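**Q** Below is one structure. I have some questions about it.
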Amino acid sequence: MSGALLEVRDLSVVFDGFRAIDGIDLTVEQGELRFLIGPNGAGKTTLIDVITGLTRPAAGSVRFEGRDLVGRKEHEIVRMGVGRTFQTSVVFEQLSVVENLDLAASFRRPLWSLARRRRGVSDAVDAAMRTTGLDALADRPAGVLSHGQRQWLEIGMLIAQRPRLLLLDEPVAGMSGDERARTGELLTEIAKDHTVIVVEHDMDFLRRYASQVTVLHEGKVLVEGSVDEVRADPRVQEVYLGRADDKSRTGGGGEGRAGGDGDGPADGRSQAGDGEKSRGPAVGSAAGEVK
Ligand SMILES: Nc1ncnc2c1ncn2[C@@H]1O[C@H](COP(=O)(O)OP(=O)(O)OP(=O)(O)O)[C@@H](O)[C@H]1O
Ligand SMILES: [Mg+2]
């Protein structure tokens with residue numbers, strides 16, 4: 033079946049009567065690098081949660097390569113070729129870079145190949161290491177990596193699983209300028225042979241690396257188009273400028289959201305502990321830059 037790689041149709045998600053997603057349609061073609069933006073609470077992470085099977089929608093469909101994802105388990109969706117990162121970092125700190133990558137890769141490897149595992153690393157791990165530029169750090173424990181390196185490791189862990197669709201939730205949050213630039217180049221590189229959806233607030237980053245942008249607001253698609261079209265759109269300016277005054281908002285995160293507080297993994301994984309990352313301020317600064 034030709035057609036789009038990902039087709040989201042009339043999707044709605046309701047949390048205790050609150051419509052976090054309210055009738056979203058989204059079509060992403062094979063090979064696209066699509067940016068997803070929108071103010072805090074727009075529904076960006078929730079949309080990713082639905083696509084990856086973490087949250088069940090109240091209505092609508094999500095088709096990946098023509099197959100419906102709704103109702104499938106998270107691991108099943110990973111096996112089908114959809115990988116994601118979380119808004120907060122999740123790596124095994126005590127394991128080395130290469131061990132983290134190897135573990136991620138093994139998730140999709142059939143048991144027989146684990147049983148007769150060769151010495152050395154698999155091609156998928158090797159490729160992930162080279163793409164992310166982490167080869168020099170292969171034997172370092174993930175716990176000593178800088179914030180940026182850690183994000184690249186997570187992206188590497190995704191690539192090692194050989195997904196056809198990657199969903200990245202705010203990969204440059206909390207990064208330095210240099211790290212952002214490196215990440216932009218990394219995304220461009222990855223997008224050569226993967227379809228990628230990136231959630232990002234930072235307009236400067238978008239200007240440099242985005243082509244197609246979808247803007248979400250209050251659970252709906254507000255605008256879709258090129259970076260220039262989106263930036264020029266008065267509705268987008270209004271949404272961002274409107275938020276600029278609204279500094280009192282905490283940015284959520286306390287409502288038992290996936291990847292948020294309260295249910296940290298108990299298996300030696302750790303979270304970055306900087307869940308606030310670029311929430312708020314990034315939108316604030318973006319606000320002034322939309323025009
Ligand atoms: N598990 C949940 N239970 C209740 N409400 C939720 C839950 N997850 C998300 N929400 C609410 O749904 C709305 C959309 O949240 P979501 O996290 O998808 O926004 P976002 O666009 O990713 O925002 P941010 O830029 O802050 O990451 C918010 O109002 C949020 O508080
Ligand atoms: Mg989010």
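Note that the sequence shown covers residues 33 to 323 in our numbering. Ideal Cβ placement from N, Cα and C applies to all residues, glycine included. Please read all numbers here as calculations on a predicted model, not as lab measurements.
Below 8 Å, can you find three or more Cβ-Cβ pairs linking the region 84–99 to the region 159–176?
**A** no
**Q** Taking the runs of the alpha helix (DSSP H) that are 4 residues or longer, which of them lie wholly in the region 223–247?
**A** 235–241
**Q** Smallest Cα separation from T246: which of S44, A136 and E64?
**A** Numbered from its first residue, the sequence shown carries residue 246 at position 214. Considering only alpha carbons, the answer is E64.
**Q** Answer with buried or exposed for E270, where buried requires no fewer than 16 other C-beta atoms within 10 angstroms of its C-beta.
**A** Indexing the sequence shown from 1 puts residue 270 at position 238. E270 comes out exposed.
**Q** With H, G and I counted as helix, E and B as strand and the rest as coil, what does DSSP make of P266?
**A** Mapped onto the sequence shown, residue 266 falls at position 234. P266: helix per DSSP, three-state reduction.
**Q** If we require 4 or more residues per run, which alpha helix (DSSP H) segments fall completely within the region 119–207?
**A** 129–138, 143–147, 155–164 and 179–192
**Q** Quick one: does the C-beta of D155 sit closer than 7 Å to a heavy atom of ligand 2?
**A** Within the sequence shown, residue 155 is the residue found at index 123, counting from 1. Flag unset: Cβ of D155 not near ligand 2.
**Q** If contact is defined by three or more beta carbon pairs under 8 Å, each pair taking one atom from either stretch, is the region 194–206 in contact with the region 230–238?
**A** yes
**Q** Indicate the three-state DSSP secondary structure (helix, strand or coil) for G296 in the structure shown.
**A** For the purposes of this step, residue 296 is identified with residue 264 of the sequence shown, where counting begins at 1. Residue placement at G296 cannot be trusted, given a pLDDT of 36 that sits under 50; the coordinates are not used to answer.
**Q** Answer with buried or exposed for H107, where buried requires no fewer than 16 other C-beta atoms within 10 angstroms of its C-beta.
**A** The residue you call residue 107 lines up with position 75 of the sequence shown. Burial call: exposed.
**Q** If we count the other Cβ atoms within 10 Å of its Cβ and call it buried at 16 or more, is A90 buried or exposed?
**A** Within the sequence shown, the letter at position 58 stands for residue 90. Exposed, since its Cβ has fewer than 16 Cβ neighbours within 10 Å.
**Q** With 16 other CB atoms within 10 Å as the buried threshold, where does D48 fall?
**A** For the purposes of this step, residue 48 is taken as the residue at position 16 of the sequence shown. Its Cβ having fewer than 16 others within 10 Å, D48 is exposed.
**Q** When we look at the beta-carbon of R289 and count the other beta-carbons within 10 Å, is it buried (16 or more) or exposed?
**A** Within the sequence shown, numbered from 1, the residue matching residue 289 stands at position 257. Unreliable positioning characterises R289 in this predicted model, as indicated by a pLDDT of 34, which lies under 50. The coordinate reading is nonetheless provided below. Buried, since its Cβ has 16 or more Cβ neighbours within 10 Å.
**Q** G75: which of D54, A242 and D171 sits nearest, CA to CA?
**A** Residue numbering aside, residue 75 sits at position 43 when the sequence shown is read from its first letter. Among D54, A242 and D171, the Cα nearest to that of G75 belongs to D54.
**Q** Compute the Euclidean distance between the alpha carbons of R239 and V259, then round it to the nearest angstrom.
**A** Taking the sequence shown and counting its residues from 1, the one referred to as residue 239 is at position 207. Taking the sequence shown and counting its residues from 1, the one referred to as residue 259 is at position 227. Cα to Cα, the separation comes out at about 6 Å.
**Q** Please report how far the alpha carbon of A335 lies from the alpha carbon of M235, in whole angstroms.
**A** Examination of residue 335 is not possible in this model, given that the chain is present from 33 through 323 alone.
**Q** For Q126, which of Q193, G35 and G175 has the nearest alpha-carbon?
**A** One-based indexing of the sequence shown puts residue 126 at position 94. Among Q193, G35 and G175, the Cα nearest to that of Q126 is on G175.
**Q** In whole angstroms, give me the CA-to-CA distance for L43 and R172.
**A** Looking up residue 43 in the sequence shown gives position 11. Looking up residue 172 in the sequence shown gives position 140. When rounded, the distance between both Cα atoms is 43 Å.
**Q** What separation, rounded to the nearest whole angstrom, lies between the Cα atoms of L6 and L190?
**A** Absent from the model: residue 6. The displayed extent of the chain is 33 to 323, so no value can be given.
**Q** How long is the line joining the alpha carbons of D265 and G257, rounded to whole angstroms?
**A** Within the sequence shown, the letter at position 233 stands for residue 265. Within the sequence shown, the letter at position 225 stands for residue 257. Cα to Cα, D265 sits roughly 10 Å from G257.
**Q** Confirm, please, whether the CB-CB distance from G180 to T163 is below 8 Å.
**A** Taking the first residue of the sequence shown as 1, we reach residue 163 at position 131. Taking the first residue of the sequence shown as 1, we reach residue 180 at position 148. It is not a contact, given that the beta carbons lie outside the stated cut-off.
**Q** So does K76 have its beta carbon nearer than 7 Å to some heavy atom of ligand 2?
**A** As a position in the sequence shown, residue 76 is number 44, starting the count at 1. Yes; taking the cut-off as 7 Å, the Cβ of K76 has a heavy atom of ligand 2 nearer than that.
**Q** Smallest Cα separation from E250: which of I80, M161, F96 and I56?
**A** Taking the sequence shown and counting its residues from 1, the one referred to as residue 250 is at position 218. Among I80, M161, F96 and I56, the Cα nearest to that of E250 is on I56.
**Q** Can V94 and V102 be called in contact, C-beta distance under 8 Å?
**A** Taking the first residue of the sequence shown as 1, we reach residue 94 at position 62. Taking the first residue of the sequence shown as 1, we reach residue 102 at position 70. Yes, Cβ-Cβ distance for V94 and V102 is below 8 Å.
**Q** Give a yes or no on whether the C-beta atoms belonging to L58 and V46 are separated by under 8 Å.
**A** Counted from its first residue, the sequence shown places residue 58 at position 26. Counted from its first residue, the sequence shown places residue 46 at position 14. Going by C-beta atoms, L58 is not nearer than 8 Å to V46.
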